[in-house]
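For the sequence shown, position 45 (counting from the first letter as 1) is numbered 45 according to UniProt numbering, and the numbering increases by one without interruption. We put the CB at the ideal spot given by N, CA and C, even for glycine. A short worksheet on the structure shown next.
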Amino acid sequence: MTPRFRQALAFEWIKFRSVRSTVWTTAVMAVLPVPGAVFVAATESLQPDDTVLGGSLTIAVPALMLAAVVGALVMCGEYGSGTIRTTFAAVPRRGTVLAAKAVLVAVLLSALALPSVTAAYLVGDALLDDSYAQGDPMPALLGVAGAFAVAGLLGLALGTLIRHAAGAVTAVVAGLVLPSMLGPLFGDAERWVAGISPTAALEKLVQSSDATAEAVGSLGAWPSLLLVTGYTALALLAAAALLRRRDV
1 MTPRFRQALA FEWIKFRSVR STVWTTAVMA VLPVPGAVFV AATESLQPDD
51 TVLGGSLTIA VPALMLAAVV GALVMCGEYG SGTIRTTFAA VPRRGTVLAA
101 KAVLVAVLLS ALALPSVTAA YLVGDALLDD SYAQGDPMPA LLGVAGAFAV
151 AGLLGLALGT LIRHAAGAVT AVVAGLVLPS MLGPLFGDAE RWVAGISPTA
201 ALEKLVQSSD ATAEAVGSLG AWPSLLLVTG YTALALLAAA ALLRRRDV
């Protein structure tokens, strides 16, 4: 890393941990999967064809949404408070600012998600009875952590494009939820419409019984995650291009 980028990354870390909304949202995201696994086991709500891995990570979907919200807040919070002007004065290269935010979001979310979802799986494995199939936790848990990072980057891209916290959060949550809700309206194309969401990639990775080809697309778990990563990268490139053209 160049000295300029390291300095920008240090600035972003200081700002991140200084804003309560991002800190608390990130904390809830990291904590949520474990009590979710306990709840699922206590209520005995799994289907007979579900797996221990899928059941333990049932609440990973709302946690993934929070990861996307964190990404949006990292950029929109500065526009809302007006500190974005100070940021651009300190680091005039706006692409460097966005890159520093992207690295921070990706590394932090994946680093928090991996132990969180691993702990949730271990708790579920201890509490659920042996009648359920185990599932294959590795390397699926690594992919789940990657999905959290990708969701956060998608939120960051939309936050940069929209600049308004409420609008960006609404857009990113809609992007995670609406494909599976609207998929049935598209007939035979349902599997493709529903399959483009990060939540679809997550459900495939955790081997949920709900992750059927009809519901979340016929792509495998890793190709699905790769697809989501690809259009997230394009969204970040569009955000970077627009950021350079704006006055602020």
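Runs of the beta strand (DSSP E) lying entirely within the segment 100-161, each at least 3 residues long, are absent.
Linking L32 to T26 through their CA atoms gives a straight-line distance of about 10 Å. In this structure V69 is not in contact with G124, their Cβ atoms being roughly 25 Å apart against a cut-off of 8 Å.
About 7 Å separates the beta carbons of D136 and Q207, which is inside the 8 Å limit, making them a contact pair. For T51, the pairing in a beta bridge is given by DSSP as A133.
Look at V206 here: in three-state DSSP terms it is coil, with no helix or strand label. Spatial neighbours of G54 in its own chain (CB-CB distance under 7 Å, excluding positions within 5 residues in sequence) are listed in chain order as G135, V206, Q207, S208 and S209. Inter-residue distance for L64 and A133 is about 24 Å (C-alpha atoms, whole angstroms). For the pair A235 and V74, the Cα-to-Cα distance works out to about 16 Å.
Following the DSSP letters along the chain, one finds R85 inside the alpha helix (DSSP H) bounded by residues I84 to A90. Pairing C76 with F16, the inter-Cα distance amounts to about 12 Å. Runs of alpha helix (DSSP H) with 4 or more residues, each lying fully within the segment 155-197, are found at 165-182 and 190-194, listed in chain order. The count of Cβ pairs closer than 8 Å, one atom from the segment 92-106 and one from the segment 174-186, stays below three, leaving the stretches out of contact. Short of 7 Å from the beta carbon of A239, and not among the five residues preceding or following it, lie these beta carbons of its own chain, in chain order: L98, A157, T160 and L161.
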